[in-house]
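Going by the numbering used here, the first residue of the sequence shown is number 2, and it counts up by one from there.
For glycine and all other residues, C-beta sits at the position ideal for the given N, C-alpha and C.
Just so you know, these numbers come straight off a predicted model, no measurement behind them.
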Amino acid sequence: MKNQRFLQKTWVRVLLAVLAAAVVFCCADLVRVAGMREKPLFCVPVQTADDGGSGIYIGLLYGFSVRGDFMPEDPPPRVTEYTWYLLGIPAVRGNVIIKD
Numbered sequence: 002m003k004n005q006r007f008l009q010k011t012w013v014r015v016l017l018a019v020l021a022a023a024v025v026f027c028c029a030d031l032v033r034v035a036g037m038r039e040k041p042l043f044c045v046p047v048q049t050a051d052d053g054g055s056g057i058y059i060g061l062l063y064g065f066s067v068r069g070d071f072m073p074e075d076p077p078p079r080v081t082e083y084t085w086y087l088l089g090i091p092a093v094r095g096n097v098i099i100k101d
């Protein structure tokens, strides 16, 4: 009986740790894309364009659809349009207003 409780507590702790990591990674990527106009750091590119950054990125329970100026002749590389997906549902869309 004690062994089962120990296993249950262990699984709950592991699940909470994974969930906490997902929240931290998601917040960090959202700040990078929406605030800093950079590509997400903790996501894997699934479908990308030939410009080196635009495309679909998938993370742990979230994802991004990113469009931007990532060509070498467009310094500095930056995100111009993004959609943040939480559990596959579009949650936040944004267009970055660029003032040069």
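Closest by C-alpha distance to Ile-59, out of Val-45, Val-80, Cys-27, Leu-17, is Val-45.
Comparing alpha-carbon positions, the option among Met-72, Lys-10, Arg-6, Val-67 lying closest to Gln-48 turns out to be Val-67. Membership of Ala-92 in the beta strand (DSSP E) is indicated by the continuous run 90-96.
A direct Cα-Cα distance of roughly 31 Å separates Leu-87 from Pro-73. If you draw a straight line from the Cα of Arg-79 to the Cα of Glu-39, it is about 5 Å long. DSSP places Gly-36 within a helical segment (H, G or I) once states are collapsed to three. In terms of Cα proximity to Ile-90, the closest of Gly-64, Arg-14, Gly-56 is Gly-64.
Every unbroken stretch of the beta strand (DSSP E) spanning 3 or more residues and falling wholly within the region 16-92 is given here in chain order: 45-49, 56-59, 63-70, 79-87. As the crow flies, the alpha-carbon of Ile-57 is around 10 Å from that of Pro-41.
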